[in-house]
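Trainee:
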Amino acid sequence: MIEILNPEELSRARDTGALVGSILQSLKARATVGVNLLELDEWTKEMIADAGAESCYVDYAPSFGRGPFGHYVCTAVNDAVLHGMPHDYALADGDLLTLDLAVSLRGIAADAAISFIVGETKAPEDLAMIDATERALAAGIAAVRPGARVGDLSRAIGTVLREAGYPINREFGGHGIGSTMHQDPHVANDGRPGRGYILRPGLLLALEPWVMADTDRLVTDDDGWTLRSATGSRTAHTEHTIAVTATGAEVLTLPPSA
2 MIEILNPEEL
12 SRARDTGALV
22 GSILQSLKAR
32 ATVGVNLLEL
42 DEWTKEMIAD
52 AGAESCYVDY
62 APSFGRGPFG
72 HYVCTAVNDA
82 VLHGMPHDYA
92 LADGDLLTLD
102 LAVSLRGIAA
112 DAAISFIVGE
122 TKAPEDLAMI
132 DATERALAAG
142 IAAVRPGARV
152 GDLSRAIGTV
162 LREAGYPINR
172 EFGGHGIGST
182 MHQDPHVAND
192 GRPGRGYILR
202 PGLLLALEPW
212 VMADTDRLVT
222 DDDGWTLRSA
232 TGSRTAHTEH
242 TIAVTATGAE
252 VLTLPPSA
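In the numbering used here, each number is its position in the sequence shown, counted from 1, plus 1.
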């Protein structure tokens with residue numbers, strides 16, 4: 002399913018995006034050394050409820066997971082990169098943490114992810130990897146315009162990641178979003194320009210570059226959800242929900258101070 006939102010629905014999407022950005026910023030501030038991943042999940046649950054919103058994750062049970070997910074935020078640490086299930090783990094200095102959050106408010110969903118280093122020990126290679134995903138996301142957003150094709154966005158994202166030296170997994174990537182969290186079209190993190198769905202104003206896309214330091218192969222934890230690098234290498238993941246406008250893209254999930 003591909004949805005094209007009308008102006009009233011886009012207004013609601015802005016509210017949802019602002020909520021997602023705000024919650025992620027709050028979680029990042031709270032994600033200090035010694036904080037447990039389960040505490041982050043509980044705080045997320047409380048903030049979603051306080052906003053009168055609904056989690057897109059807690060009852061999520063797609064074919065690729067061992068569902069339902071049963072938690073409110075994805076917490077991926079170090080070699081984990083996607084669908085990180087919160088568990089009893091206290092954050093340590095130097096951990097590379099990815100928080101991925103999707104929420105629905107008044108019938109419209111938004112989805113975003115951030116990667117950052119916990120504590121004071123910040124390895125240059127980790128910072129470079131996070132920076133590469135952020136630059137790739139910016140390149141993908143810059144390629145958005147009416148009449149562009151999904152492949153144009155994929156190529157823009159992939160060019161940045163490849164030039165930074167990272168292998169690219171094309172199985173999991175960006176996606177359409179709207180009244181539900183995951184919709185068509187799939188937006189791979191590399192691809193051929195001029196191919197795929199033609200973008201139209203009112204389309205919402207969640208663009209999400211992610212990489213693993215030295216592999217493009219994933220392995221799945223025993224929880225049936227958490228995806229890790231096959232080599233145990235570190236990972237990073239950055240995501241925004243954007244709306245296609247008449248002139249380009251509007252980023253909906255920026256934090257309040259951005």
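C-beta atoms are modelled at their ideal positions from N, C-alpha and C, and glycine is treated no differently.
Can you name, in chain order, every residue of its own chain whose Cβ lies under 8 Å from the Cβ of ALA237, other than the five neighbours on each side?
Mentor: VAL82, LEU97, THR99, SER116, ASP127, MET130, ILE131, ALA133, THR134, TRP211 and VAL212
Trainee: Mind checking which residues open and close the alpha helix (DSSP H) that includes GLY66?
Mentor: Taken as a continuous stretch (DSSP letters only), GLY66 belongs to no alpha helix (DSSP H), as it is neither H nor E.
Trainee: Could you check which residue in GLY159, THR227 and HIS72 has the C-alpha nearest to that of GLY141?
Mentor: GLY159
Trainee: Span of the beta strand (DSSP E) holding ARG229?
Mentor: 228 to 230
Trainee: What distance in whole Å lies between the Cβ atoms of VAL220 and VAL231, which are believed to be in contact at a cut-off of 8 Å?
Mentor: In the sequence under discussion, the amino acid at residue 231 is Ala, which differs from the Val named in the question. About 5 Å; that satisfies the 8 Å criterion.
Trainee: Taking the CB atoms as reference points, tell me whether VAL36 and ASP94 lie closer together than 9 Å.
Mentor: no
Trainee: Could you give the distance in angstroms between the alpha-carbon of THR254 and the alpha-carbon of THR239?
Mentor: 12 Å
Trainee: Which residue comes first and which comes last in the alpha helix (DSSP H) that contains MET130?
Mentor: 125 to 143
Trainee: Under a Cβ-count criterion, where at least 16 other Cβ atoms within 10 Å of its own Cβ denotes burial, should ASN79 be classed as buried or exposed?
Mentor: buried
Trainee: Once the 5 residues before and after MET2 are set aside, which same chain residues still bring their CB inside 7 Å of it?
Mentor: The beta carbon of MET2 sits closer than 7 Å to the beta carbons of GLN184 and ASP185 from its chain, once the five residues preceding and following it are set aside; these are given in chain order.
Trainee: On the CB-based measure, 16 or more other CB atoms within 10 Å of its CB, does ALA214 come out buried or exposed?
Mentor: So ALA214 counts as buried.
Trainee: Under the three-state reduction of DSSP, which class applies to PRO186: helix, strand or coil?
Mentor: strand
Trainee: With a 10 Å radius around its C-beta and 16 neighbouring C-beta atoms as the bar for buried, classify ILE199 as buried or exposed.
Mentor: The residue in question, ILE199, is exposed, as its Cβ has fewer than 16 Cβ neighbours within 10 Å.
Trainee: Below 9 Å between beta carbons: does that hold for GLY152 and GLY195?
Mentor: Between GLY152 and GLY195, the gap from beta carbon to beta carbon is short of 9 Å.
Trainee: Going along the chain, which residues of its own chain have a beta-carbon closer than 7 Å to the beta-carbon of THR202, five neighbours each way excluded?
Mentor: The sequence given here places Pro at residue 202; Thr does not occur at that position. Its chain contains PRO147, VAL245, THR246 and ALA247 as the residues whose beta carbon lies nearer than 7 Å to that of PRO202, once the 5 sequence neighbours on both sides are disregarded; these appear in chain order.
Trainee: Between the alpha carbons of SER155 and HIS187, how many angstroms are there, rounded?
Mentor: 10 Å
Trainee: Could you spell out where the beta strand (DSSP E) holding THR99 opens and where it closes?
Mentor: 97 to 106
Trainee: For ASP217, which option in ALA157, VAL21, LEU138 and GLY174 has the closest C-alpha, if you only look at C-alpha atoms?
Mentor: GLY174
Trainee: Could you give the residue range of the alpha helix (DSSP H) that holds LEU39?
Mentor: 38 to 51
Trainee: Hey, how far is the Cα of HIS84 from the Cα of ARG150?
Mentor: 27 Å
Trainee: Could you compute how far the alpha carbon of GLY53 sits from the alpha carbon of ASP223?
Mentor: So the alpha carbons of these two residues sit roughly 33 Å apart.
Trainee: Tell me the DSSP secondary structure of ALA214 in three-state form.
Mentor: coil
Trainee: Just the C-alpha distance for SER27 and ILE169, rounded to the nearest angstrom, thanks.
Mentor: 30 Å
Trainee: Measure the C-alpha to C-alpha separation of VAL252 and ALA19 and round it to an integer number of angstroms.
Mentor: 10 Å
Trainee: Tell whether a beta-carbon distance below 9 Å holds between LEU38 and THR76.
Mentor: yes
Trainee: Among the candidates ILE243, SER258 and GLU172, whose CA atom is the shortest distance from the CA of LEU228?
Mentor: GLU172
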